[in-house]
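With full-length UniProt numbering applied, the sequence shown corresponds to residues 1 to 329, in that order. All residues carry an ideal CB built from backbone N, CA and C; glycine is no exception. All remarks here apply to the structure that follows.
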Amino acid sequence: MLHVILLILKILGLLLLIVLGFLLAVVLLVLLVPVRYQAEGSYNGKVKGKARFTWLLHILSVTVQYEEDVLAMVRIFGFRIGKQKKIDTELKEAEEIMVQAMEVMEPEPLNEARDIKDKAHDRNQNVPVSPPASKEKTWEEPKDAWLEEPIGGTKDASGAASKDEPKAGSRRKKSFRMTDFFARLKKMVLTVFTKLKFFFRRICDTLKTAKDKKDEIHAWISNKENQKTVKLLFRQGKKLLRHILPRKGTINITFGFDDPYLTGQALTYASVVYPLCHKHLNLYPVFDQTVFTAEGRFRGRIRTGAVLLIGSRMLLDKNFRHLLKGWLR
Numbered sequence: 001m002l003h004v005i006l007l008i009l010k011i012l013g014l015l016l017l018i019v020l021g022f023l024l025a026v027v028l029l030v031l032l033v034p035v036r037y038q039a040e041g042s043y044n045g046k047v048k049g050k051a052r053f054t055w056l057l058h059i060l061s062v063t064v065q066y067e068e069d070v071l072a073m074v075r076i077f078g079f080r081i082g083k084q085k086k087i088d089t090e091l092k093e094a095e096e097i098m099v100q101a102m103e104v105m106e107p108e109p110l111n112e113a114r115d116i117k118d119k120a121h122d123r124n125q126n127v128p129v130s131p132p133a134s135k136e137k138t139w140e141e142p143k144d145a146w147l148e149e150p151i152g153g154t155k156d157a158s159g160a161a162s163k164d165e166p167k168a169g170s171r172r173k174k175s176f177r178m179t180d181f182f183a184r185l186k187k188m189v190l191t192v193f194t195k196l197k198f199f200f201r202r203i204c205d206t207l208k209t210a211k212d213k214k215d216e217i218h219a220w221i222s223n224k225e226n227q228k229t230v231k232l233l234f235r236q237g238k239k240l241l242r243h244i245l246p247r248k249g250t251i252n253i254t255f256g257f258d259d260p261y262l263t264g265q266a267l268t269y270a271s272v273v274y275p276l277c278h279k280h281l282n283l284y285p286v287f288d289q290t291v292f293t294a295e296g297r298f299r300g301r302i303r304t305g306a307v308l309l310i311g312s313r314m315l316l317d318k319n320f321r322h323l324l325k326g327w328l329r
């Protein structure tokens with residue numbers, strides 16, 4: 001009996017060690033195996049681009065491509081997961097829903113505007129007319145005459161529509177449109193003025209608080225602990241950028257203007273940055289025509305362990321943790 005219990009415990013121990021070993025292997029793979037990326041793009045009137053991220057000998061790969069639409073594709077062990085997805089699909093569906101909603105809501109204001117026009121037209125039409133010259137018959141105004149009148153205007157005794165009514169109706173329509181336009185313009189101006197007012201008020205409040213906190217900022221800068229924290233952040237941020245930025249790549253840019261003087265000035269401004277990236281940047285100036293084309297490709301890798309190590313070095317600093325809590329609040 002004891003031998004059986006010891007055998008079961010041995011098997012359970014072996015299973016536990018296997019599980020722990022598997023978890024440790026997964027953690028080490030995530031921390032040490034880098035995520036490699038490569039991208040290429042071009043501009044020649046239209047923007048085109050393609051980026052690919054791979055991990056662990058292409059076991060996991062994600063491809064993102066842009067050409068009029070953004071397409072994403074995920075593969076595991078070479079097998080595609082799902083279908084090629086358009087990232088802009090949700091945005092287009094939302095736009096279609098908004099357009100349909102606007103089309104549904106649009107007839108109601110139009111009907112209200114027509115009712116207002118009809119009422120104004122009826123009030124103008126409901127004016128007493130002088131009775132005809134006759135001794136036997138007396139003229140009485142019908143109470144509901146405006147209901148029997150045609151929309152296009154009143155008719156005279158011969159049955160023909162009067163010619164002055166359409167002109168009056170068109171004038172009223174024009175006046176209604178002009179009043180509506182001026183009302184919208186007034187509303188737009190008031191909205192812009194209110195936004196500018198709040199914007200300038202916010203700037204003034206910011207300047208006031210900056211003046212009030214001038215002593216606090218000076219004290220914060222003059223503190224030796226804060227100076228050490230700033231230097232630490234600068235060093236670690238520099239290491240992080242050096243680790244994330246591409247290691248290989250070239251960018252070719254062809255540009256030019258009709259005026260050679262402008263092309264020369266552009267080269268002068270580019271000469272400030274060119275010595276820092278001359279290994280990866282190629283410039284081709286054109287002095288006789290306006291042109292701008294660009295193409296490039298680059299690759300690099302990001303190791304999760306290195307990123308976590310840089311972050312842990314910053315978090316180990318006590319003063320940085322104190323400042324981080326203050327910033328988060």
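Taking the alpha helix (DSSP H) that residue i falls in, what are its first and last residues?
i, result
"ARG242", "224-244"
"ASN9", "Residue identity check: residue 9 is Leu in the sequence provided, not Asn. 2-32 is the extent of the alpha helix (DSSP H) around LEU9."
"TYR43", "Element bounds for TYR43: not the alpha helix (DSSP H) but the beta strand (DSSP E), 35-43."
"THR268", "260-273"
Count the other C-beta atoms from every protein chain shown that fall within 10 angstroms of the C-beta of residue i, then say buried if there are 16 or more, exposed otherwise.
i, result
"TRP55", "buried"
"THR263", "buried"
"PHE257", "buried"
"PHE182", "exposed"
"PHE234", "exposed"
"residue 330", "Shown here, the chain extends from 1 to 329; a query on residue 330 therefore has no answer."
"GLY78", "exposed"
"GLY82", "exposed"
"THR209", "exposed"
"PHE193", "exposed"
"THR229", "buried"
"PHE320", "buried"
Kindly identify the DSSP beta-bridge partner or partners of residue i.
i, result
"LEU316", "For LEU316, which the question treats as bridged, DSSP gives no partner whatsoever."
"ARG303", "DSSP lists no partner for ARG303."
"LYS186", "In DSSP, LYS186 forms no bridge with anything."
"TRP55", "VAL35 and LEU60"
"GLU216", "Looking at the DSSP assignment, GLU216 forms no beta bridge with any residue, so it has no partner."
"THR293", "THR254"
"GLY49", "GLY41 and TYR66"
"PHE298", "ALA39 and GLY249"
So residue i and residue j are in contact, right, with Cβ under 8 angstroms, and what is the actual spacing, rounded?
i, j, result
"ILE310", "LYS239", "6 angstroms"
"ASN282", "THR304", "With 8 angstroms as the limit, ASN282 and THR304 do not qualify as a contact, their Cβ atoms being about 33 angstroms apart."
"PHE292", "PHE255", "5 angstroms"
"ALA39", "ARG297", "7 angstroms"
"VAL64", "VAL70", "7 angstroms"
"GLN236", "ARG313", "6 angstroms"
"ASP317", "LEU232", "6 angstroms"
Could you give the first and the last residue of the continuous beta strand (DSSP E) run that contains residue i?
i, result
"PHE77", "Where PHE77 is concerned, there is no enclosing beta strand (DSSP E), given that its DSSP letter is neither H nor E."
"ILE251", "248-256"
"PRO285", "281-286"
"LEU60", "60-67"
Please report the straight-line C-alpha distance between residue i and residue j, rounded to a whole angstrom.
i, j, result
"VAL273", "ARG247", "18 angstroms"
"GLN227", "LEU276", "28 angstroms"
"VAL30", "LEU60", "12 angstroms"
"ALA25", "PRO34", "15 angstroms"
"HIS58", "ARG299", "15 angstroms"
"ARG242", "VAL189", "49 angstroms"
"ASP259", "LYS224", "54 angstroms"
"ILE8", "LEU15", "11 angstroms"
"TYR269", "THR290", "18 angstroms"
"LYS50", "LYS214", "48 angstroms"
"GLU295", "TYR66", "14 angstroms"
"LEU267", "LYS186", "48 angstroms"
"PRO285", "SER271", "13 angstroms"
"LEU46", "ASN252", "As written in the sequence, residue 46 is Lys, which differs from the Leu given in the question. Cα to Cα, LYS46 sits roughly 16 angstroms from ASN252."
"GLU68", "HIS280", "27 angstroms"
"ARG80", "LYS325", "43 angstroms"
"ILE76", "ARG329", "41 angstroms"
Does chain D have any CB closer than 9 angstroms to the CB of residue i?
i, result
"THR290", "This model lacks chain D altogether, as it is built from one protein chain only."
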